[in-house]
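Let me begin by presenting the structure, written as structure tokens, before commenting on it.
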Amino acid sequence: MHALTLLKNDHRKVEALFKAFENADARAKKASLVKQIIQELSIHAAVEEQVFYPAIREAMADSDEDMVLEALEEHHIVKWVLSELEKMTPADERFDAKVKVLCENVDHHVKEEERELFKKVRKALDTKKLNELGRAMEAAKKVAPKRPNPRAPDTPPARLVAPIGAGLVDRARKAMRDLVKTSAKQKTARRGAAGRGKATATGKSHRPRATH
Ligand SMILES: [Fe+2]
Ligand SMILES: [Fe+2]
């Protein structure tokens, strides 16, 4: 599939989910829609960050790279909001407000991508290359993280940035798997730290007592 078609399809899907949220009344329905929004946006952001953005940066003029850097910052904010929403329920006072602000942020970002960034991409890459890139993104989507991790790297390691055509599909998959692994490691480390914190708070710390 053409890379820009794949991304636009994702954008439309998320827009429809936000619209459904706006029209939903029941808490169970709202919770289920937000779960889907979190999953769709987590996968979409990871595919753009690990595969799409690095590939287009290689091909675009240096002066256009600022657009990608801005996009990464916008993703960063969106992923923090997603990670907060993940821990909330529709019973929380701020739940609807958070979803609304998320929707506004995503809407702004999608408009910039489709109206400005994609134009530059079409100039920098021909249809054949964009189809090849789309194939790599489809493969990456299948192994992408389904949950947000704003602390995980939002660019792939240099060794996995491949020019379009040169083993791009395999590298895209590898970059995505590395990201999932990194996220899992970070999560385990955070749990360990939280566990140690709890032990200290309840007076069960194994840290040696000061003797003076
Ligand atoms: Fe994006
Ligand atoms: Fe996007």
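Per our numbering, residue 7 is the first one in the sequence shown, and the count goes up by one each step.
Quick reminder that beta carbons are idealized off the backbone N, C-alpha and C, glycines included.
- Remark: three or more beta-carbon pairs, one from each stretch, lie closer than 8 Å, so the stretch 101-115 and the stretch 19-37 are flagged as touching.
- The alpha helix (DSSP H) runs of length 4 or more contained entirely in the stretch 18-105 are, from start to end of the chain, 33-53, 59-65 and 71-92.
- Distances from the CB of Val-116 to the heavy atoms of ligand 2 include at least one below 7 Å.
- The beta carbons of Lys-85 and Met-94 sit about 15 Å from each other, so the pair does not count as a contact at 8 Å.
- The residues Ile-62, in chain order, have a CB closer than 6 Å to that of Val-127 in the same chain once the five nearest residues on each side in sequence are set aside.
- Spanning the alpha carbons of Ala-164 and Met-143 requires a straight line of approximately 18 Å.
- Put simply, the backbone Cα of Ala-67 is about 41 Å away from that of Asp-102.
- Taken in chain order, the complete alpha helix (DSSP H) segments of 4 residues or longer contained in the stretch 105-155 are 124-130 and 133-148.
- Measuring C-alpha to C-alpha distances from Lys-147 to each of Glu-54, Val-74, Lys-134 and Ala-26 identifies Glu-54 as the nearest.
- In this structure, the C-beta of His-8 stays at least 7 Å away from each heavy atom of ligand 2.
- Look at Asp-176 here: in three-state DSSP terms it is helix.
- Under the three-state reduction of DSSP, Met-7 is assigned to coil, being neither helix nor strand.
- Between Leu-91 and Leu-108, the CB-CB gap stays under 8 Å.
- In this structure, the straight-line span from the alpha carbon of Ala-77 to that of Arg-33 is close to 32 Å.
- Proximity to Arg-141 across Gly-173, Pro-151 and Pro-154 peaks at Gly-173, based on C-alpha coordinates.
- Just so you know, the alpha carbons of Glu-119 and Pro-159 end up roughly 21 Å apart.
- In this structure, the beta-carbon distance from Leu-123 to Pro-151 does not fall below 8 Å.
- With 16 or more other Cβ atoms inside 10 Å of its own Cβ, Ala-168 counts as buried.
- Take the alpha-carbon of Ala-26 and the one of Pro-96: they are about 15 Å apart.
- If you compare the alpha carbons of Arg-183, Glu-138, Ala-200 and Gln-56 with that of Thr-11, the shortest gap goes to Glu-138.
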